[in-house]
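**Q** Handing you a structure now.
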Amino acid sequence: MELNVTTSSQGDYAVVTATGELDLYTAPRLQTALASLIRDRADRVVVDLSGVEFCDSTGVNVLLAAMKRLQEQGGTLELAGLRPPVRRILQVTGLDSVFTIAEAVPTRGV
């Protein structure tokens, strides 16, 4: 399965929308999009995972690394719209208490 990644601006934050499966083979697409925002010194990044049906440890590591780099720059990374399989991997690993998780992408300007 493919992973499609798009980036958009929603007022004061960037939204990275991923759809498909996030795994060893597809994670570099998400990593590239996040690295670009980090390079551009984004303050707040929301990763919309509502279209992600599967996420393995490689995908989780991409998200963790991006969160760490953003925090080092004074920024934040939030996850939104987690489907049950993705939520489960974060719960099993204890990372659901590390990431900021929202039910959906925040409305513009919030």
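If you count by UniProt numbering, then the sequence shown holds residues 1 to 110, one letter each, in order. All residues carry an ideal CB built from backbone N, CA and C; glycine is no exception. All values derive from a computational prediction rather than experimental measurement.
1) Measuring CB to CB, does residue 27 end up less than 8 Å from residue 59?
2) Is residue 98 buried or exposed, if buried means 16 or more other CB atoms sit within 10 Å of its CB?
3) With distance defined between alpha-carbon atoms, name the residue in 76, 22, 79 and 80 nearest to residue 57.
4) Given that a residue counts as buried once 16 or more other Cβ atoms are within 10 Å of its Cβ, and exposed if not, what is residue 13?
5) Between which two residues does the beta strand (DSSP E) containing residue 21 stretch?
6) Give every residue of the same chain whose Cβ lies closer than 8 Å to the Cβ of residue 85, excluding the five residues on either side of it in the sequence, and list them in chain order.
7) Report back the beta-carbon spacing between residue 34 and residue 16 to the nearest angstrom; my notes put them in contact at under 8 Å.
8) On a CA-only basis, which of 42, 102 and 65 is nearest residue 11? Give me that one, please.
9) What are the complete beta strand (DSSP E) segments, minimum 3 residues, inside the UniProt domain "STAS" (3-110)?
**A** With the structure as the only source:
1) Residue numbering aside, residue 27 sits at position 27 when the sequence shown is read from its first letter. Residue numbering aside, residue 59 sits at position 59 when the sequence shown is read from its first letter. Contact: yes.
2) Taking the first residue of the sequence shown as 1, we reach residue 98 at position 98. So residue 98 ends up on the exposed side.
3) Here the question's residue 57 lines up with position 57 in the sequence shown. Checked all of 76, 22, 79 and 80; the closest Cα to residue 57 is 22.
4) Position 13 of the sequence shown, counted from the start, is the residue given in the question as residue 13. Buried: at least 16 other Cβ atoms inside 10 Å.
5) Locating residue 21 in the sequence shown gives position 21, counting from the first residue. Residues 13-22.
6) One-based indexing of the sequence shown puts residue 85 at position 85. Within the same chain, and ignoring the five residues on either side of residue 85 in sequence, the residues whose Cβ sits closer than 8 Å to its Cβ are 53, 54 and 55.
7) Taking the first residue of the sequence shown as position 1, residue 34 is located at position 34. Taking the first residue of the sequence shown as position 1, residue 16 is located at position 16. About 6 Å separates the two Cβ atoms, so the contact holds.
8) In the sequence shown, the residue the question calls residue 11 occupies position 11. Per the Cα distances, 42.
9) 3-10, 13-22, 44-55, 76-80 and 100-102
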